[in-house]
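Protein chains: 2
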Amino acid sequence: MSEKAFQDYYPENVAHCYGCGRLNSLGHQIRTFWDGDETVTRYTPQPYQTAIPGYVYGGLLASLIDCHSTGTAAAAMYRAQGREMDSEPALRFVTASLHVDYLKPTPLDGPLELRGRVLEINGRKVIVETVLYAGQVATARGSVVAVQMPENFGLDPAAAKDQG
Amino acid sequence: MSEKAFQDYYPENVAHCYGCGRLNSLGHQIRTFWDGDETVTRYTPQPYQTAIPGYVYGGLLASLIDCHSTGTAAAAMYRAQGREMDSEPALRFVTASLHVDYLKPTPLDGPLELRGRVLEINGRKVIVETVLYAGQVATARGSVVAVQMPENFGLDPAAAKDQG
Chain W
718 MSEKAFQDYY PENVAHCYGC GRLNSLGHQI RTFWDGDETV TRYTPQPYQT AIPGYVYGGL
778 LASLIDCHST GTAAAAMYRA QGREMDSEPA LRFVTASLHV DYLKPTPLDG PLELRGRVLE
838 INGRKVIVET VLYAGQVATA RGSVVAVQMP ENFGLDPAAA KDQG
Chain R
718 MSEKAFQDYY PENVAHCYGC GRLNSLGHQI RTFWDGDETV TRYTPQPYQT AIPGYVYGGL
778 LASLIDCHST GTAAAAMYRA QGREMDSEPA LRFVTASLHV DYLKPTPLDG PLELRGRVLE
838 INGRKVIVET VLYAGQVATA RGSVVAVQMP ENFGLDPAAA KDQG
């Protein structure tokens with residue numbers, strides 16, 4: 718896709734996340750897009766990202782749900798504010814809590830699709846529900862409470878830590 | 718430590734997990750031990766396993782909590798049955814649900830310690846609470862519902878899938 722992903726708008730100082738940072742060459746580098754009122758990420762796992770042979774590692778699924786959901790939270794907040802994602806100040810979210818229900822084993826032999834929708838926006842908090850599909854089958858369902866980061870987070874770890 | 722970890726007892730066909738499989742050379746290969754009634758895993762993150770620069774990626778923390786907890790579930794079930802971990806049949810658990818509360822940012826500059834305790838054993842289900850520490854500071858708290866795998870899981874993906 719030539720369209721820009723949510724993650725393409727993350728400011729450079731917060732674009733190193735192992736899950737979704739475009740500047741982390743060793744990470745998953747997921748890319749998330751709007752599809753109407755839902756958000757979509759597609760990801761193809763590697764053979765070594767396994768749990769039981771033939772099935773995807775649950776920790777990877779949790780990781781994908783996490784970053785897909787924080788990306789969705791940011792995009793939803795821009796939308797709620799009627800702003801473009803390249804406008805200032807940049808919005809970036811961290812995870813306050815993550816819940817994943819593993820519905821079925823997720824086969825390792827094909828691409829996965831995550832679909833998110835925003836359940837609630839309340840102040841700096843956004844709640845996102847994300848369902849993960851292998852083919853047409855929903856194999857995991859996640860819920861993430863995402864909180865907007867302080868604007869200085871990532872610029873000065875010591876200062877950010879004080880706000881943790 | 719020369720002591721055997723829980724994961725050293727996993728049968729070969731289920732020892733390939735990216736989080737805890739001793740046979741997955743690209744994975745985290747976590748090792749978990751009893752410490753009284755608690756279980757302990759120590760893990761030192763790599764610099765690229767970052768979220769915001771200077772802090773550990775939340776997906777990694779979820780992954781560590783997940784595998785630490787399923788390992789704890791297995792060890793607890795052996796104990797509850799009065800069995801050694803090298804006795805047959807082997808017990809191995811999968812995650813039904815994972816919940817993580819991120820309490821504070823987790824610094825990337827040192828080893829992490831996960832401490833688990835068993836909240837409930839009920840039939841084939843074990844509920845484990847795991848707290849993750851950076852130094853003396855609890856930075857994340859997880860709860861995992863783990864379920865004992867069918868005995869044939871991992872031997873024949875097609876058969877196991879039917880039981881999913």
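If you read the protein sequences in the order shown, they are chains W and R.
For the first sequence, our numbering assigns the number 718 to the initial residue and increments by one for each residue that follows.
For the second sequence, our numbering assigns the number 718 to the initial residue and increments by one for each residue that follows.
Ideal placement from N, C-alpha and C gives every residue a C-beta, glycine not left out.
When the Cα atoms are used, what is the spatial distance from E868 of chain R to G771 of chain R?
42 Å
Report, in whole angstroms, the separation of the C-beta atoms of H733 of chain R and S780 of chain R, which I expect to be a contact under 8 Å.
Not confirmed; about 15 Å, so no contact.
Neighbour list for G799 of chain W in chain R, Cβ cutoff strictly below 7 Å:
Residues of chain R passing the Cβ test: none, with the nearest at roughly 27 Å.
Excluding five sequence neighbours on each side, which residues of the same chain lie with their C-beta closer than 6 Å to the C-beta of T749 of chain R?
A722, F723, T756, T758, H785, G788
Per DSSP, which residues does S860 of chain W bridge with? Please list them.
W:H816, W:E846
What does the alpha-carbon distance come out to for the pair E805 of chain R and M866 of chain R?
14 Å
Can you grab the Cα-Cα spacing for the pair R834 of chain W / T812 of chain W, in whole Å?
16 Å
First through last residue of the beta strand (DSSP E) which encompasses T749 of chain W:
749 to 752
I want to see whether chain W comes within less than 8 Å of S804 of chain R, judged by CB atoms only; does it?
no
So which residues on chain R does H733 of chain W lean against when the C-beta distance must stay under 7 Å?
T767, P770
Can you find a CB in chain W that lies within less than 8 Å of the CB of N741 of chain R?
yes
DSSP three-state label for R841 of chain R, please.
coil
What first and last residue would you give for the alpha helix (DSSP H) that runs through R739 of chain W?
It is not in any alpha helix (DSSP H) - R739 of chain W carries neither H nor E in the DSSP assignment.
Quick one: what does DSSP say G775 of chain R is sitting in, helix, strand or coil?
helix
My output table needs one value for G827 of chain R: the three-state DSSP class, helix, strand or coil.
coil
If you count every other CB in all the chains shown that lies within 10 Å of the CB of G840 of chain R, and 16 or more means buried, which is it?
exposed
Host beta strand (DSSP E) of Y727 of chain R (start-end)
No beta strand (DSSP E) contains Y727 of chain R, which DSSP labels as neither H nor E.
I'd like to check one pair, N741 of chain R with Y765 of chain W: are the Cβ atoms closer than 8 Å?
yes
Short Cβ contact (8 Å threshold) for A791 of chain W with D818 of chain W:
no
Candidates W:I769, W:W751, W:G852, W:S860, of which the one nearest V843 of chain W by Cα:
W:S860
Looking at the C-beta of V725 of chain W, does it have a partner C-beta in chain R at a distance below 8 Å?
According to the sequence shown, residue 725 of chain W is Asp rather than Val. False, the Cβ-Cβ gap to chain R never drops below 8 Å.
Counting C-beta neighbours from all protein chains within 10 Å, is the total for R809 of chain W 16 or more, i.e. buried, or is it exposed?
buried
Pop quiz: P762 of chain R and L743 of chain R are said to be a contact at Cβ under 8 Å. What is the actual Cβ separation, rounded to whole angstroms?
The pair is not a contact, with the Cβ atoms about 15 Å apart (cut-off 8 Å).
Confirm, please, whether the CB-CB distance from V731 of chain W to I769 of chain R is below 8 Å.
yes
Is DSSP giving G833 of chain R helix, strand or coil here?
strand
Step through the CB atoms of chain W and report whether any lies within less than 8 Å of the CB of K721 of chain R.
no
May I have the straight-line CA-CA distance separating S814 of chain W from E837 of chain R, to the nearest angstrom?
22 Å
How close, in whole Å, do the beta carbons of T847 of chain R and I782 of chain R come, if the pair is a contact with beta carbons under 8 Å?
5 Å
I need the straight-line Cα distance from Y850 of chain R to E830 of chain R, nearest angstrom please.
5 Å
When R:E720, R:Y774, R:R832, R:D754 are compared against G852 of chain R, the one with the closest alpha-carbon
R:R832
On the DSSP bridge assignment, give the partners of Y760 of chain R in chain order.
R:L829
What number of angstroms, rounded off, separates the C-alpha of V854 of chain R from the C-alpha of V864 of chain W?
21 Å
Taking only three categories from DSSP, how would you classify I782 of chain W?
helix
I need the DSSP call for A732 of chain R, collapsed to helix, strand or coil.
coil
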